[in-house]
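Participant: What follows is a structure written as structure tokens; I'll ask about it next.
Numbering (the numbering used here), first residue to last: 68 to 226.
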């Protein structure tokens, strides 16, 4: 028998337990994940790369549009300078609206919408980013949740 991939197993587990998901989900878990989204936006606005990175699992992976995936180690190496450059150049406002949070034991996912407005400090020119996300969370041994896989893309076609 062929070995089942993690993703195939994860999808089957979610579909197979669909009737139990509500029973396994707790308000505390959902509130913790909502808090991650609130913190995520606040860290982006403040240019706080350390805070933003702290929300990722040690084996977390970010799946950006039009770019290769980045492991947690790659994020640790690349994000601080990118956050600083963006923060130094722009005033940033971000809003994340999680439309769905589903918890299944030590795994959860959330999907929703986000916006980000960047206003260049030097020119006052603004850029509006409007997108969607699907993120998988993993419960840590201390009971907290961390981002395990983060996939997002724009609702606006590239120019």
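Using N, Cα and C, we set each Cβ at its ideal position, and we do this for glycine too. Just so we're clear, the structure is a prediction, and the values are computed from it rather than from any experiment.
1) Could you check where the beta strand (DSSP E) with residue 167 kicks off and where it finishes?
2) Can you grab the Cα-Cα spacing for the pair residue 158 / residue 186, in whole Å?
3) Do you know whose CA, among 211, 167, 150, 162, lies nearest residue 117's CA?
4) Count the other CB atoms, across all protein chains shown, that sit within 10 Å of the CB of residue 108; report buried if there are 16 or more and exposed otherwise.
5) Going by DSSP, name the residue or residues bridged to residue 193.
6) Using DSSP with H/G/I as helix, E/B as strand and the rest coil, what is residue 105?
7) For residue 202, which beta-bridge partners are listed by DSSP?
8) For residue 137, which residues does DSSP report across the bridge?
9) Nearest CA to the CA of residue 199: which residue from 192, 191, 222, 120?
Facilitator: Well, looking at it:
1) Locating residue 167 in the chain shown gives position 100, where the first residue counts as 1. Annotation for residue 167: the continuous beta strand (DSSP E) segment containing it runs 157-171.
2) What you label residue 158 is simply residue 91 of the chain shown in a count that begins at 1. What you label residue 186 is simply residue 119 of the chain shown in a count that begins at 1. Computed Cα separation, rounded: 5 Å.
3) Against the chain shown, residue 117 aligns to sequence position 50. Nearest of 211, 167, 150, 162 to residue 117, Cα basis: 150.
4) Along the chain shown, read from residue 1 onward, the residue named residue 108 stands at position 41. Residue 108 comes out buried.
5) The residue given as residue 193 occupies position 126 in the chain shown. Note: residue 193 sits in a beta bridge opposite 186.
6) Position 38 of the chain shown holds residue 105. Helix.
7) What you label residue 202 is simply residue 135 of the chain shown in a count that begins at 1. Paired residue(s): 177, 217.
8) To locate residue 137, count along the chain shown from 1; it is residue 70. BP columns for residue 137 point to 129.
9) As a first step, residue 199 must be located in the chain shown, where it is residue number 132. For residue 199, the closest C-alpha among the options 192, 191, 222, 120 is that of 222.
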